[in-house]
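For reference, the structure is listed below as structure tokens.
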Amino acid sequence: MNLTKYVLTVATIALSAFCGVAVSLAQQAEKANVLTVAHGAEIRFASPWKLSAVQYSNAQELVVMGTAPLKAVEKKIEGITEYPVARLLITEARSDHGDALKRLESIAESRDVPAEFVEVGGWPAVEVTFTEKLPRRGAPGEDEEEASAPEVTVQRTVTAIAQGDKVVIFDSSVLQEAPQDLMKGAKEITRSVRFARRGEPAEIRKALESLQSTEKKRQLLFKKPESSAPEPGAAAASAVAAAVGAPVQVQTGVGELEIAASADASTVVIASNSGLSFSTNRGTSFAAGTTGVFGLNDPSLARGASSNYYLGVIAIPTGTPAQLNVSGCTNAVSRSTNNGAAFTLQGYSATCPTTGAGVCFPDQEHIAGDGRNAAAGGDMLYAV
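Mapping of the sequence shown onto mature numbering (1 follows the signal peptide of the UniProt record, and there is no 0): residues -26 to -1, 1 to 358, in sequence order.
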């Protein structure tokens, strides 16, 4: 297996363990190091973990170095005699503590597995454990042996802490072949986080009870029917029919219709050349939204892992500060953090001059968002 064909997705934060690493928990306790991971926050770690040489603008990374499998050495693959097991931590700024708690809910909803809500570092937190396959780098079929190589599976644990108006996220992942004590050690490092300020105990209890109640309701959606229940297809059709309400008119007019919704369809955003509308009650009723700096011109909608919505439009900015000092013919991308009620310009996915060399018109733009995975800077969006 050519390890150069695999890469850890460091989109948000990752703590990963690879084979060839031997770990002793007693060894971890020998000497504790303190690492400041965010403003007023620190964690403790010990050998075999060490600070990575890789630097990120909004993350810290710890690594455990492992050695390449014998097969890779026999094939004389260079540059992979050691490779990292990484842990990243990211701090997300939110508008307030209530918004931070909603972010915990969205993280719980991002995976079809049970989520656990606990107190970590004196603040409410969500923890989700699941397995997934690592992406493989390189074009498929460029090497027959590599194309037939088995997929690499990792166990991941994501722990997100709502610390005041911030969300601090730990994402740990360990390969199946790696010593499983590494995951236990990763959780111990996560639990070691200390903040300069702790939340009020009564408020923490209240928040956790509310989050746990929401999680119980969510888990009911995943419970399988008893053997005496109707056929799955019939049950699903019946459930959908029971949930359908009376049709409502959202907008008048025509042109370039786009729709985006939350994972549970509780929020819906609709955009067209005629207007922007949003619903927070599963489409029972809609209200008009605001697009921000630019109007609606061939709009495109997407939702990210944070549950924020994104709006792409064709725009011709003239260089004003509100337009981020950009001029030309562009595809502008704006973000809504309040379920589509209002959008704020974030940047441009395409720009070109309106005259002279390179003139173009980026028509028929479309954006898409990754609803499960985030990047180091936030949500992952794709634009064409």
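A virtual CB, placed ideally from N, CA and C, is assigned to each residue, including glycine.
Asked: Boundaries of the alpha helix (DSSP H) in which Ile178 is found, first to last residue; Found: Pro175 to Leu194
Asked: Closest Cα partner of residue 362 within the set Ser253, Ala276 and Arg130; Found: Since the first residue shown for the chain is -26 and the last is 358, residue 362 is missing from the structure and cannot be characterised.
Asked: Closest Cα partner of Ser147 within the set Ala279, Val141 and Thr133; Found: Thr133
Asked: Cβ contact (3+ pairs, closer than 8 Å) linking the segment 260 to 267 and the segment 227 to 236; Found: no
Asked: Buried versus exposed, by CB contacts within 10 Å (16 or more), Ser95; Found: First, the amino acid is wrong: residue 95 is Gly here, not Ser. Buried is the call here.
Asked: Start and end residues, alpha helix (DSSP H) containing Glu162; Found: Asp155 to Arg165
Asked: DSSP three-state assignment for Met354, whether helix, strand or coil; Found: strand
Asked: Three or more C-beta pairs below 8 Å linking the segment 237 to 247 and the segment 300 to 309; Found: no
Asked: 7 Å CB neighbourhood of Ala216 in its chain, flanking five on each side removed; Found: Per-residue confidence for Ala216 stands at a pLDDT of 47, beneath the threshold of 50, marking its modelled position as unreliable; no derived number is given.
Asked: Residue range of the alpha helix (DSSP H) that includes Arg77; Found: His71 to Glu83
Asked: Rounded C-alpha distance that separates Ala315 from Met39; Found: 47 Å
Asked: 8 Å Cβ cutoff met for Leu270 and Val287; Found: yes
Asked: Beta-bridge partners of Arg168, as assigned by DSSP; Found: Glu16
Asked: Cross-strand partners of Asp344 (DSSP beta bridge); Found: According to DSSP, which records beta bridges pairwise, Asp344 is partnered with nothing at all.
Asked: Ala82 at chain C interface by Cβ criterion, 8 Å; Found: Annotation note: the requested chain C is absent from the structure, which comprises a single protein chain.
Asked: Limits of the unbroken beta strand (DSSP E) element including Gly286; Found: Tyr283 to Ala289
Asked: Where Pro221 falls, given that 16 or more other Cβ within 10 Å makes a residue buried; Found: exposed
Asked: Counted within 10 angstroms of its Cβ, other Cβ atoms place Pro295 as buried (16 or more) or exposed; Found: exposed
Asked: Exposure label - Glu83; buried when at least 16 CB within 10 Å; Found: buried
Asked: Where the beta strand (DSSP E) through Arg277 begins and ends; Found: Ser274 to Arg277
Asked: Length of the line joining the Cα atoms of Ala331 and Glu339; Found: 21 Å
Asked: Option nearest Arg346 by Cα separation, candidates Ser281, Ala136 and Val358; Found: Ser281
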